[in-house]
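Accompanying notes for the structure given below.
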Amino acid sequence: MATLSGAKRLVVKIGSALLVDQRTGKLRQDWLKTLAADVAALKAAGKDVVLVSSGSIALGRVVLGLPRASLPLEQSQAAAAVGQIQLARAYEQVLAPHGITTAQILVTLEDSADRRRYLNSRATMETLLSMGAVPIVNENDTVATDEIRYGDNDRLAAQVAVTVGADALVLLSDVDGFYSANPNVDATAKRFDVIDVITPEIEAMAGDAGSGLSKGGMKTKLMAAKTATAAGCAMVITEGSRLNPLSAIDQGVPSTWFTAVYDPQRARKGWISSMKPMGRIVVDAGAETALSKGKSLLPAGVTGVEGEFARGDAVVICSASGQELAHGISAYPSDEARALMGRNTKDIEEILGYPGRAALVHRDDMAT
């Protein structure tokens with residue numbers, strides 16, 4: 025993928041140095057409006073877009089009168105709390121004229137490490153995207169401490185790309201790609217147009233330097249590329265300070281593409297297949313037929329639940345004769361799955377006491 029035109033779902037990471045004027049500490053409104061126009065164009069072309077945006081601390085510190093120097097944790101969190109309101113409002117104001125609804129999602133590293141939180145985040149973002157909204161994702165700096173931080177939005181953006189099954193990740197940066205050496209100090213440094221495999225030699229070329237307001241250096245971008253491409257998502261690094269930075273990519277501005285071997289769905293199916301099953305779900309002939317047609321597994325078609333498993337654990341789905349039909353991720357723990365087996369989806373709330381999900385195993389969480 026050498027252009028964004030072939031992508032169906034994109035995650036775009038915006039760094040603080042692009043969003044916030046480094047001299048004044050204020051939002052670059054004109055630039056942000058052109059980014060919104062690009063997002064609107066992508067949406068009009070039928071693509072889903074998620075924005076992962078830095079900038080809350082950079083905006084909040086100006087309001088609170090805090091210095092640009094490194095801040096103690098408490099002051100950083102206070103600045104984030106103030107700046108996050110401004111950041112969300114800014115995106116709302118530039119996207120609303122295009123008829124686009126925005127949503128704010130704040131996450132920490134702990135949210136992706138915990139299976140239940142990961143599934144909840146994924147379901148929320150999938151629902152927002154299905155309704156045409158653009159989620160604005162940022163690290164929850166007001167509660168995150170070092171042990172539960174991503175620490176930079178390059179890796180956060182890669183994790184979001186994996187979570188939503190994106191096929192393109194865009195890192196809008198203060199550099200126009202990946203170089204063989206730091207181009208600011210080495211005149212012989214050459215930019216790579218495409219990187220198919222991240223070799224040890226490629227990794228050795230990465231430096232640590234970030235700009236004044238951004239934390240991510242080239243090493244974090246390589247880490248993001250590894251995460252994204254392993255999940256079937258291509259990644260591009262490009263200089264993002266120009267107006268209309270997304271449309272500029274398809275116009276051929278300098279950039280570096282990291283290619284993905286598989287598409288996101290195939291990569292996810294492979295991941296599900298590799299998970300160790302914690303239980304078995306036995307289904308009737310009707311459910312077996314439905315699964316063969318790519319349908320989700322509903323409680324009505326379940327005749328047996330074996331083993332003890334939690335929501336988000338892998339299970340094997342079997343026919344009455346014991347034939348393995350699929351591997352999947354259960355939307356319910358084993359005790360609730362037993363309570364629901366053979367029952368209609370309209371009875372779920374009455375049985376469990378809350379309005380659960382319709383599918384016991386959703387087709388997107390299943391590998392046949």
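Just so you know, the sequence shown maps onto residues 25 to 392 in our numbering. Glycine included, C-beta positions come from ideal geometry on N, C-alpha and C.
Is the separation between the beta-carbon of residue i and that of residue j shorter than 7 Å?
i	j	result
Val44	Ala82	yes
Ser320	Ala383	yes
Asp62	Leu270	yes
Leu322	Thr262	no
Leu111	Gly79	yes
Gly256	Ala291	yes
Val35	Val184	yes
Leu119	Ala103	no
Asp191	Ala31	yes
Val385	Arg362	no
Alpha carbon to alpha carbon, what distance is there between residue j and residue i?
i	j	result
Thr58	Asp388	34 Å
Ile375	Phe333	19 Å
Pro278	Ala355	44 Å
Gly189	Arg92	36 Å
Ile219	Asn208	21 Å
Val76	Asn177	7 Å
Asn206	Asp200	12 Å
Gly264	Gln289	29 Å
Enumerate in chain order the residues of its own chain whose CB-to-CB distance from residue i is below 6 Å, with the five nearest sequence positions on each side excluded.
i	result
Tyr115	Thr126 and Ile160
Leu153	Asp72
Met299	Ala338
Arg141	Asp135
Ala233	Unreliable placement is indicated for Ala233, whose pLDDT of 41 sits below 50; the coordinate value is still reported in the next sentence. So the qualifying residues of the chain are Gly241.
Ala324	Asn368
Quick one: what's got a C-beta closer than 8 Å to residue i's C-beta in the same chain, skipping five residues either side?
i	result
Thr27	Ile273 and Asp274
In chain order, what residues of the same chain lie with their CB nearer than 7 Å to the CB of residue i, ignoring the 5 residues before and after it?
i	result
Leu237	Reliability fails at Leu237, whose pLDDT of 34 lies under 50, so the model's placement of it is uncertain and the value that follows must be treated cautiously. Only Ser40, Ala41, Val44, Gln46 and Ala82 meet the Cβ criterion.
Val340	Pro301, Arg304, Glu348 and His351
Val106	Gly84, Val87 and Leu88
Ordered list of beta strand (DSSP E) runs contained in the stretch 275–356, each at least 3 residues: 279–282, 303–307, 326–330, 338–342 and 348–353
Cβ pair count under 8 Å reaching 3, the stretch 344–363 against the stretch 288–304: yes
Runs of beta strand (DSSP E) wholly within the stretch 90–138 (minimum 3 residues, chain order): 126–131
Contained alpha helix (DSSP H) runs [length at least 4] in the stretch 139–193, N- to C-terminal order: Fully contained in the stretch 139–193 are the following alpha helix (DSSP H) runs of length 4 or more, in chain order: 139–154 and 177–188.
4-residue-minimum alpha helix (DSSP H) runs that sit fully inside the stretch 29–63, ordered along the chain: 40–43
Segments of 4+ residues assigned as alpha helix (DSSP H) that fall wholly inside the stretch 194–252: 224–229
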